[in-house]
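In my numbering, the protein residues as written are 2 to 217.
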């Protein structure tokens, strides 16, 4: 009986492993072939630079592909500019421009000449709009489902929408293209220990340490 239970548990583990490792292939997404338990970790362990290995995979599999860090950790690699634009624009909703505060108004009073502002924070963290995956998590797949325009209000909406949105996207694209075309980004030991956020009008890092190596 005990051996039977052990065998059943092993088979269930293998079943879930195989099912998890079919995530990208079931979506017709290319990528390196994974192995049980390790995914593509062995290939990453053998290479001297993870960034250079990603460059080789990008050349082989194209602008959008996936690999596995272990059996259950899925990693998307995207160099498609249009897809990145959706991620940059819509994930920016996680960085609200002001701290949430509670304001209580008397419903019987009128406030002439005041500004009525939408509750952007609640919209951008709504499970009904951005679920079932936790809206606080970085999960680009959620944007594959078309949402209402009024569900994303970081830059406003309508004729008074922020005119700097397109300019900001253009600057981001040009900066990344120029940077990654000439350099390889390598993990810096100072990044995590010096990572601090300033929670002011816009949430920004105090500093961001990266290491760049000139491409051969």
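Where a beta carbon is used, it is the ideal one built from N, C-alpha and C, also for glycine. No experiment lies behind these values; they were computed from the predicted model shown.
Using DSSP bridges, identify the partner residues of residue i.
i: residue 175; result: According to DSSP, which records beta bridges pairwise, residue 175 is partnered with nothing at all.
i: residue 212; result: 187
i: residue 70; result: 40 and 74
i: residue 65; result: 79
Let's see if you can read the secondary structure: which residues bound the beta strand (DSSP E) around residue i?
i: residue 184; result: 184 to 187
i: residue 77; result: 74 to 79
Locate the alpha helix (DSSP H) running through residue i, then write down its first and last residues.
i: residue 62; result: 51 to 62
i: residue 129; result: 128 to 131
i: residue 122; result: 121 to 125
i: residue 20; result: 3 to 21
Report the CB separation of residue i from residue j in whole angstroms; it is logged as a contact under 8 Å.
i: residue 80; j: residue 185; result: Contact flag wrong, Cβ pair sits at about 14 Å.
i: residue 210; j: residue 182; result: Between residue 182 and residue 210 the Cβ distance is about 21 Å, and since that is not below 8 Å, they are no contact.
i: residue 126; j: residue 136; result: 5 Å
i: residue 124; j: residue 154; result: 6 Å
i: residue 77; j: residue 63; result: That belief does not hold up - the Cβ atoms of residue 77 and residue 63 are roughly 13 Å apart, past 8 Å.
i: residue 208; j: residue 195; result: 6 Å
Requested in this report: Count the CB pairs spanning the region 34 to 44 and the region 71 to 87 that are closer than 8 Å, and state whether there are at least three.
Outcome: Taking a cut-off of 8 Å on C-beta distances, the region 34 to 44 touches the region 71 to 87, as three or more cross pairs fall below it.
Requested in this report: Please determine if the region 19 to 33 and the region 54 to 62 are in contact, where contact requires at least 3 C-beta pairs separated by less than 8 Å.
Outcome: Two segments are said to touch when three or more pairs of C-beta atoms, one from each, lie closer than 8 Å; by this definition the region 19 to 33 touches the region 54 to 62.
Query raised in the report: Are the region 173 to 185 and the region 136 to 146 touching by the rule of at least three beta carbon pairs closer than 8 Å?
Result: Verdict: no, contact absent.
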